[in-house]
Amino acid sequence: MLSIVLHVLFVNQNTVTARSNNDEVSLIRKSCNVTHYLDTCLSVLEADSRSRSATDLKSLTRISIDIICEQAIELKSLFIKAKENVTDPRLKSNVRVCIEAFDYCNYDLKTHGIPDFEKGNYFDANRDVDVCAVGASDCSYTGIKLFNREIATLFNFSADVVSFINMLDSHS
């Protein structure tokens, strides 16, 4: 009898979990389907466990802004390490452009973007997230051949989060 009860409890738990996971995935997929970079959006959000706790577009967007901050911090760190081995003055200058761009992205989101978003000031939050896309673009346009995949991911995902914010703004 105990084994039957445990089996029923286990099956019910798995069913609830499966339903929850499907809801989480459908929120991510539904949200990413209206972005410019679907593959980037899906891969970034599905790889981050926090995304699965999102209950609506607003909470998913807030998590996404945190992810952008983390991407910028990681890129800044990679470029700081790379700078140690750079001797060419022009390349060193380009690396500095990238470090400053990612530093400013993180600073702007933490001091303006997140507070603007949490106040429902989506117009300014949109502009703050766009700073990160512009920073990634500026770094890329230096012609630097370092961390191109990571820079492209930050650019694409920032653009996708701008799309999320635009959706929230149109529904408020």
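Read left to right, the sequence shown gives residues -18 to -1, 1 to 154 (mature numbering (1 follows the signal peptide of the UniProt record, and there is no 0)). Note that CB positions come from ideal geometry on N, CA and C, so glycine has one too. Because the structure is a prediction, the values reported are computed rather than measured.
8 Å contact criterion, which residue i and residue j should meet: CB distance rounded
i    : j    : result
A118 : S140 : 7 Å
L39  : L128 : The Cβ separation is near 34 Å, so there is no contact.
Y86  : V68  : Not really, about 21 Å apart at Cβ, beyond 8 Å.
Closest residue to residue i among the options (Cα-Cα distance)
i    : options                : result
T43  : S152, S154, V144, H153 : V144
S154 : S41, N67, Y104         : Y104
F146 : N130, S35, I47         : I47
I49  : N148, G95, S8          : G95
I54  : L20, C23, C80, R109    : Checking the displayed sequence, the identity of residue 54 turns out to be Ala instead of Ile. Nearest of L20, C23, C80, R109 to A54, Cα basis: C80.
A21  : S152, A134, K58        : Checking the displayed sequence, the identity of residue 21 turns out to be Asp instead of Ala. Nearest C-alpha to D21: A134.
N148 : V116, V111, E132, N130 : V111
Closer than 7 Å: residue i CB and nearest the ligand MG heavy atom
i    : result
C114 : With respect to the ligand MG, the structure offers nothing, as it holds no ligand at all.
Alpha-carbon to alpha-carbon, residue j and residue i
i    : j    : result
R72  : F84  : 19 Å
R78  : D120 : 11 Å
L9   : R32  : 13 Å
I126 : K12  : 35 Å
N76  : R109 : 24 Å
S122 : S152 : 31 Å
C51  : L57  : 10 Å
A64  : N88  : 19 Å
Reduced DSSP secondary structure (H/G/I, E/B, other) of residue i
i    : result
V129 : The question names Val, but residue 129 is Phe in the sequence shown. Three-state DSSP puts F129 in coil, outside helix and strand.
K101 : coil
N3   : In this prediction, N3 has a pLDDT of 49, which is less than 50 and means its spatial position is unreliable; nothing more can be read from the coordinates.
Y123 : helix
N138 : helix
is_contact[residue i, chain B] using C-beta, thresh 8 Å
i   : result
I96 : The structure shown contains no chain B, having only a single protein chain.
Between the region 14 to 32 and the region 133 to 151, do at least 3 Cβ pairs fall closer than 8 Å?
yes
Between the region 86 to 105 and the region 10 to 17, do three or more beta carbon pairs fall short of 8 Å?
no
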